[in-house]
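Colleague: Read in order, the letters of the sequence shown are residues 2 to 525 in this note's numbering. Virtual Cβ for every residue (Gly too), placed ideally from N, Cα, C. Just so you know, these numbers come straight off a predicted model, no measurement behind them. Quick one: the structure is below, questions incoming.
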Amino acid sequence: MYKIMKLVDTVRVDPTLLGEDIALNVRKALKAKLEGRLDKKLGCLVAVSSIEEIGEGHILYGDGAVYYDVVFKAVMFQAELQEVIEGEVFETVNFGVFVGIGPLDALLHVSQITDEFMAYDAKNGRLTSKTGKKSLGEGDHVRARVVAVSINEREPRDSKIGMTMRQTALGNVKWLEEARRKKKSGKAGAEEATAEWRRKQTSEAWLWKKHVWSVCVLLMFLRKRNRKKGKLKRRRQIPSANTARRLICRMNGAASWSSLIRRDLPSRQRWASTSPTNSRWRCAELSDAAEDSGSSAGPVIFRISAEVRRILKEPCGVLYRGNGPEVVDCFRNELERSHPVISVGDVTTANLIGAGIFPDICFVDSLTKREPVSGEVSEKTAHEIYREMTVRSPAGALSEEMIIAVYGMYDQTGCGQDPEKSHLRIAVEGEEDLATIPAVAFSEPGAAVLYGQPDEGVVFVKVTPEKKQEMLTLLKRIVSESETSGKAVSGTIRRILDEAENRKWSGFPLFLCLHGCFRKRYKW
């Protein structure tokens with residue numbers, strides 16, 4: 002961010018320049034001394050814009066120069082955390098790209114460019130996605146967010162600025178413009194299709210009405226003619242208009258005449274062709290089902306009390322001390338006898354993958370100790386074997402969306418029956434630490450849940466009926482404390498907790514999926 006600051010400094014004017022314009026010489030001396038200088042608090046001084054005040058000169062013993070105290074305005078550049086900046090790529094390497102942002106350079110790591118895997122094309126000097134639809138190289142303009150700033154005043158070249166483009170509305174400017182055009186054209190096409198469908202429905206309704214009234218008029222004419230000729234001996238020998246309507250409804254499988262002329266066949270066909278197996282779509286529908294079931298103000302957040310926080314500080318399983326993939330060898334045999342394997346945390350997941358073990362389900366949030374994880378950890382957790390589902394859960398709390406997603410995660414992975422669907426990565430927007438509670442409470446006996454203990458090691462939790470009941474009781478306590486504090490708890494969460502007591506896989510999460518789909522998409 003560029004700023005104009007008023008600064009004060011002392012500048013030295015050489016004695017050979019004393020006969021000339023003092024203001025001009027002072028400005029030249031300031032530029033030579035300060036322009037391009039880095040400061041941790043102020044940032045980088047780009048240019049001296051104007052001189053406000055020049056004080057009286059001072060002469061030091063043994064130096065013929067004159068020293069002036071000067072008040073001046075300067076243009077400063079300071080990269081602030083979470084700031085969105087546009088810049089140009091000027092260098093591409095195998096681990097990322099360097100972006101010029103004003104007078105400074107920033108690193109955009111390959112793991113922070115997109116959610117897709119990016120490979121380095123040495124021949125063309127570009128980073129290309131696996132599908133080939135996205136590429137990034139020298140000369141491209143990008144929009145990114147600053148996530149790390151480290152300024153070195155003595156050695157400006159050693160200053161480090163880290164950026165990311167994985168959030169919405171960030172990325173290559175060309176990608177953003179193309180997505181905007183597609184969205185605009187898709188919206189116009191959808192509006193046109195909707196208008197056409199409405200015209201068609203209106204025309205079909207009037208066509209049905211026309212045919213039915215024609216049949217009714219014909220029946221009334223035949224009835225009147227036969228009555229005049231004496232052929233009509235009983236009153237209801239020829240069907241009436243209402244009888245004709247019932248016959249037409251029965252032939253077309255409609256319950257009533259109004260439902261026949263207003264039949265919504267295109268919407269039924271869309272529902273029949275919609276596949277509820279996509280994880281992102283299904284998670285959104287489950288969240289919608291939770292909102293429809295009793296939360297009108299959005300998903301409920303269950304805050305953790307201080308007493309529950311003290312309970313969670315103690316490991317709920319066996320603590321294996323150590324760091325890195327080497328600690329996995331301590332419980333490798335137990336992991337081979339456990340299914341599924343669930344890991345909570347970026348570092349824990351990266352250590353398992355580094356040891357050659359891919360968890361069936363992993364929870365990641367791209368943070369460790371509230372700081373961004375390293376590029377090596379991000380590359381391991383972003384392995385292409387995983388399908389991804391995104392949920393929201395703030396730090397120090399459990400969201401309704403997280404509880405529903407964990408309850409239905411076995412449906413997402415197919416319980417390990419299908420190798421192509423047996424690995425799921427749940428990306429948490431917020432913090433994933435408390436996902437351990439519902440993960441143990443809703444897992445089947447025989448599963449293994451692993452999470453990191455800060456500065457100590459890895460906690461291995463072997464899921465047993467007793468451990469399930471302990472975590473389920475703790476989860477009920479968290480929900481009841483929120484309810485006691487006056488926060489409304491939806492019926493969905495209550496049903497989940499009741500079902501989890503005696504759960505042996507049922508279709509309840511699928512029911513939530515269908516319920517949310519009908520309520521939101523088709524308003525049945």
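Go through its chain and collect everything with a Cβ distance to Lys42's Cβ below 8 Å, but skip five positions before and after it.
Modeller: Hits under 8 Å: none found.
Colleague: Where do the ends of the beta strand (DSSP E) carrying Ser400 lie?
Modeller: Ala398 to Ser400 is the span of the beta strand (DSSP E), which, as asked, contains Ser400.
Colleague: On a Cα-Cα basis, can you pick out the residue from Leu399, Thr465, Ala440 and His424 that is closest to Ser481?
Modeller: It is Leu399.
Colleague: Could you name the residues that DSSP lists as bridge partners for Pro373?
Modeller: Beta-bridge pairing links Pro373 to Leu368.
Colleague: Could you check what DSSP says for Glu89 in three-state terms: helix, strand or coil?
Modeller: Looking at Glu89 - three-state DSSP - the assignment turns out to be strand.
Colleague: Can you name the residues that DSSP bridges to Ile302?
Modeller: According to DSSP, which records beta bridges pairwise, Ile302 is partnered with Ser400.
Colleague: Is the distance from the Cβ of Val90 to the Cβ of Phe99 below 9 Å?
Modeller: Yes. Within cutoff.
Colleague: Using only the alpha-carbon positions, how far apart do Lys210 and Glu197 sit?
Modeller: The alpha-carbon atoms of Lys210 and Glu197 are separated by roughly 20 Å.
Colleague: Compute the Euclidean distance between the alpha carbons of Asn153 and Leu39, then round it to the nearest angstrom.
Modeller: Whole-angstrom Cα-Cα distance: 8 Å.
Colleague: By the 10 Å Cβ neighbour count, where 16 or more other Cβ atoms means buried, how is Tyr3 classified, buried or exposed?
Modeller: Exposed.
Colleague: Compare the C-alpha of Gln113 against each of Leu128, Asp122, Leu105 and Ile354 and name the closest.
Modeller: Gln113 has its Cα closest to that of Leu128, out of Leu128, Asp122, Leu105 and Ile354.
Colleague: Only counting the same chain, and skipping five residues up and downstream in sequence, which positions put a Cβ closer than 6 Å to that of Met472?
Modeller: Result list for Met472: Ile438, Val441 and Ala442, in chain order.
Colleague: Cutting at 8 Å between CB atoms, please list the residues of its own chain near Phe118, excluding the five before and the five after it.
Modeller: Excluding positions up to five away in sequence, the list reads Ser130, Lys131, Ala383 and Glu385.
Colleague: Is the beta carbon of Lys370 less than 9 Å from the beta carbon of Pro316?
Modeller: Cβ distance not < 9 Å, so Lys370 and Pro316 don't count as in contact.
Colleague: Run through DSSP, which three-state label would Phe73 get?
Modeller: Reduced to three states, the DSSP call for Phe73 is strand.
Colleague: Assuming Thr11 contacts Tyr62 under a Cβ cut-off of 8 Å, what Cβ separation, rounded to an integer in Å, is found between them?
Modeller: 16 Å between Cβ atoms; not a contact.
Colleague: Here's the rule: buried if 16 or more other CB atoms are within 10 angstroms of the residue's CB, otherwise exposed. What is Ser280?
Modeller: Summary for Ser280: the model assigns pLDDT 35, below 50, so the residue's position carries little reliability; its value from the coordinates is reported in the next sentence. The residue is buried, with at least 16 neighbouring Cβ atoms inside 10 Å.
Colleague: Assuming Val490 and Val301 form a contact by the criterion Cβ under 8 Å, report the distance between their Cβ atoms to the nearest whole angstrom.
Modeller: Contact flag correct, Cβ pair sits at about 6 Å.
Colleague: Taking Ala24 as part of the beta strand (DSSP E), name the residues at either end of that continuous run.
Modeller: Looking at the DSSP string, Ala24 is not in any beta strand (DSSP E); the run it does join, the alpha helix (DSSP H), is Ile23 to Leu35.
Colleague: Do Glu81 and Val9 count as a contact pair if the criterion is CB distance below 9 Å?
Modeller: Not in contact: Val9 and Glu81 (Cβ atoms no closer than 9 Å).
Colleague: Using a Cβ-Cβ cutoff of less than 8 Å, which residues in the same chain neighbour Ser444 once the five nearest sequence positions on both sides are dropped?
Modeller: Within the same chain, Ser444 has close Cβ partners Pro341, Ile343, Val450, Val464 and Lys469.
Colleague: Consult DSSP for Lys7 and reduce its assignment to one of helix, strand or coil.
Modeller: In the structure shown, Lys7 sits in a strand (DSSP, three-state: E or B).
Colleague: Based on the DSSP output, what are the partners of Ala120 in its beta bridges?
Modeller: For Ala120, which the question treats as bridged, DSSP gives the partners Thr129.
Colleague: Excluding the five sequence neighbours on either side, which residues of its own chain have a C-beta within less than 7 Å of the C-beta of Glu139, listed in chain order?
Modeller: Around Glu139: Val90, Phe91, Glu92, Thr93 and Gly126.
Colleague: Tell me where the alpha helix (DSSP H) around Gly492 begins and ends.
Modeller: Per DSSP, Gly492 belongs to the alpha helix (DSSP H) from Gly492 to Glu502.
Colleague: So is Pro360 buried or exposed if we call it buried at 16+ other beta carbons inside 10 Å?
Modeller: So Pro360 counts as buried.
Colleague: With Glu432 and Ala396 assumed to form a contact (beta carbons below 8 Å), what rounded beta-carbon distance in angstroms separates them?
Modeller: With a Cβ gap of about 4 Å, Glu432 and Ala396 count as contacting.
Colleague: For Val464, which three-state DSSP category applies?
Modeller: Val464: coil per DSSP, three-state reduction.
Colleague: From this set, Thr493, Gly133, Cys217 and Ala48, which residue's C-alpha is nearest Gly103's C-alpha?
Modeller: Closest option to Gly103, Cα to Cα, is Ala48.
Colleague: What does a CB cutoff of less than 7 Å around Gly447 pick up in its chain, not counting 5 residues either side in sequence?
Modeller: Cβ within range, chain order: Ser339, His340 and Val464.
Colleague: From the DSSP secondary-structure annotation, give me the bridge partner or partners of Asp40.
Modeller: Its beta-bridge partners are Gly44.
Colleague: Can you name the residues that DSSP bridges to Leu177?
Modeller: Answer is none; Leu177 lacks a bridge partner.
Colleague: DSSP has Ala449 in a bridge; who is on the other side?
Modeller: In DSSP, Ala449 forms a bridge with Val342 and Lys463.
Colleague: Taking its Cβ as the centre, do 16 or more other Cβ atoms sit within 10 Å of Ser13, making it buried, or is it exposed?
Modeller: Strictly speaking, residue 13 in this sequence is Arg, with Ser absent from that position. The residue in question, Arg13, is exposed, as its Cβ has fewer than 16 Cβ neighbours within 10 Å.
Colleague: Using the rule of at least 16 other Cβ atoms within 10 Å of the residue's Cβ for burial, across every protein chain shown, is Asp159 buried or exposed?
Modeller: Exposed: under 16 other Cβ atoms inside 10 Å.
Colleague: Between which residues of its own chain and Gly44 is the CB-CB distance below 6 Å, once the five residues before and five after are set aside?
Modeller: Excluding positions up to five away in sequence, the list reads Met77, Phe78 and Gln79.
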